[in-house]
Every structure is written in structure tokens, then in C-alpha cells.
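Below is one structure, written out as C-alpha cells; comments come after it.
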Amino acid sequence: MSDEIAARLIEMGITLPEAAAPAANYVPYVISGNLLYISGQLPLEGGKIAVSGHLGKTVDVATGQRGAELCAINILAQAKAALGGNLGRIRRVIKLNGFVASAPDFVEQHLVINGASNLIAGVLGEAGKHARAAVGMAALPLNAAVEIDAIMEIAE
């Protein structure tokens with residue numbers, strides 16, 4: 011990991027967990043050429059879903075944003091595992107796809123996913139600025155409130 015990224019993590023009070031094992035029949039990440047694809051990450055903390063339920067029903071926006079931050083932390087943990095511990099190899103986060111378990115009338119998915127976007131940009135600086143989708147879903151695995159996947163450009 012680059013010293014600059016490590017310093018930002020410390021400054022933000024973030025300790026990256028061990029990368030979570032897949033919960034089904036898939037791999038946590040794939041490297042193809044200079045692209046790193048990270049499978050959807052849930053808001054896990056201490057190995058358990060920390061934010062569950064539906065935005066606009068049982069979860070408020072601030073709690074959803076915290077869930078998105080946890081997804082982003084888990085994305086960085088997967089990237090660290092994929093890149094042999096060196097997050098400095100990330101040239102650019104190309105895109106985050108954010109999925110928000112939403113009540114039918116909830117329309118602030120973009121605000122929820124800002125939790126992840128802000129964290130990724132805060133940790134990675136310019137390389138963390140990305141394109142994004144924020145989509146409402148009827149339900150997510152394990153009753154998670156948020157799930158986010160990522161595509162990154164990496165250095166060899």
C-alpha cells in the first residue's frame with residue numbers, strides 16, 4: 011500500500027478488515043488485463059451484516075450512508091487482497107455500481123451511495139473519482155440494505 015493511502019486510512023480512522031470470503035458460487039474479484047472487477051460487497055462489520063432492511067421503511071438515509079461506507083471499506087479490502095497488499099496499484103476507480111434495498115417510494119438512492127463515493131475518493135484521492143450508478147432494489151442478499159461492486163484500472 012502506498013504511504014499516502016495508508017496515511018489517509020489512518021487519518022480517517024479506517025482499518026481495513028480481512029477480505030470477506032464469497033457467500034455463494036463466485037470469486038471475490040477477477041483481474042483481466044489492467045482491470046480489477048470486485049464482486050458486490052455488503053455492509054459487513056465484524057463478519058456480520060451491520061445495516062439491514064429497506065431505505066425509506068426501516069433504514070434512514072444516514073444509516074444507509076454508513077452501510078455504503080462499510081461496502082466501500084470492504085471493496086478496498088478486496089482490492090488490497092487482489093493487489094498483494096498494494097492499493098497504490100489502483101490507477102483509477104472506473105465505476106461503482108450501488109444497489110439500495112428500497113421501499114417503493116424511496117428515491118434518494120444517490121444520497122445513500124454517496125457514503126461509498128465519498129469514502130473511496132477520500133482514501134484514493136484523484137484515483138478514487140469514478141462514474142457511478144445508484145439503483146433501488148426490492149431486496150438484497152441477507153437482507154443487506156446496500157450492496158456495491160467496483161471496476162478499477164490497475165498498474166501492472
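Under the numbering used here, the first residue of the sequence shown carries the number 11, and numbering increases by one thereafter.
Backbone N, C-alpha and C define an ideal beta-carbon position, used for all residues, glycine too.
Here the structure is a predicted model, which means the values were calculated and not measured.
For residue i, count the other beta carbons within 10 Å of its own beta carbon; 16 or more makes it buried, fewer makes it exposed. Which is it?
i	result
G135	exposed
M162	buried
K58	exposed
S112	buried
L45	exposed
Going along the chain, which residues of its own chain have a beta-carbon closer than 7 angstroms to the beta-carbon of residue i, five neighbours each way excluded?
i	result
A126	A78, E79, C81, A82, L106, G108 and I158
M147	F109, V110, A111 and S112
Looking only at its chain, what residues have a beta carbon closer than 6 angstroms to the beta carbon of residue i, apart from the 5 residues adjacent to it on each side?
i	result
P32	P38
H120	A144
R102	A137 and E163
Helix, strand or coil: how does DSSP classify residue i here?
i	result
V133	helix
E157	strand
G146	strand
G50	strand
Looking only at its chain, what residues have a beta carbon closer than 8 angstroms to the beta carbon of residue i, apart from the 5 residues adjacent to it on each side?
i	result
T73	V61 and A155
V71	L65, E118, L121 and V122
Exercise for review: Decide if the segment 53 to 72 is in contact with the segment 149 to 156; the criterion is three or more beta carbon pairs, one per stretch, under 8 angstroms apart.
Suggested key: yes
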